[in-house]
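For the sequence shown, the working numbering assigns the number -17 to the initial residue and increments by one for each residue that follows.
Yeah, the Cβ is synthetic: ideal placement off N, Cα and C, and Gly gets one too.
Written out below as structure tokens is the structure these notes cover.
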Amino acid sequence: TDNSTNEAGFTVERSTNGGVSFLQIGSLAANVTRYSNTNLTAGAGYSYRVRAYEGSNYSAYSNTAAATTLPPPAAPGNLTASAQGARSIRLTWTDNSSIESGFRIDRSTDGVNFTQLGLLTANTTSYTNGGLTSGVTYFYRVRAYDGANFSAYSNVASATAK
């Protein structure tokens, strides 16, 4: 709440140690009452406080507000890959998270250098990769995401396209 009538702006400060010490992370114009703090660590706690300023004069600090970012989703498990018909491989995995927004599938032909194959919706536990080259072995890994956070990768599974 903006309780000041003559501020030039506000400073926003954040603590990562439970409010023991704070660092300024933002400066807002007069009458602005929202600040978005991005690129935070998943599952970490943060404390915030704000104060108004006019020139070199500062108000008292606001109350301290604390928040904890959401942890990343749990990694999918038990990834398997099996050749299905001509030039396709079917993947299945266990969804170990209840908070994911979806899944990212990565593919490789050498088991080392992976590229993103696709994004799937939440609660999906299978995917068929078609249009492959017969006789080539493909390696896959899957991870869950919830917007900004990714889980660890699943195990790597491979199959050779028929």
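The beta-bridge partner set that DSSP reports for phenylalanine 85 consists of Leu102 and Ala126. Residues Ala104, Tyr127, Asp128 and Gly129 of the same chain have their beta carbon placed closer than 7 Å to that of serine 83, with the five preceding and five following residues left out of the count.
With fewer than 16 other beta carbons inside 10 angstroms of its own, serine 80 counts as exposed. Contact between the region 31 to 45 and the region -16 to -9 is established, with three or more Cβ pairs separated by less than 8 Å. Taking all protein chains in view, the Cβ of leucine 73 is crowded by 16 or more other Cβ atoms within 10 Å, so the residue is classified as buried. Looking at Thr110, Ser3, Ala(-10) and Ser116, the one whose alpha-carbon comes closest to that of tyrosine 30 is Ser3.
For phenylalanine 121, the closest alpha carbon among the candidates Ala65, Thr51, Tyr17 and Asn21 is that of Ala65. Ranked by Cα distance from serine 90, the first of Asn78, Thr119, Thr110 and Gly113 is Thr119. Counting along the chain, glycine 112 sits inside no beta strand (DSSP E), nor does DSSP assign it H or E at all. Here DSSP, grouped into helix, strand and coil, assigns glutamine 6 to strand. Between alanine 12 and asparagine 131, the gap from beta carbon to beta carbon reaches 7 Å or more. Taking 7 Å as the cut-off, the beta carbon of arginine 123 is found no closer than this to the beta carbon of serine 140.
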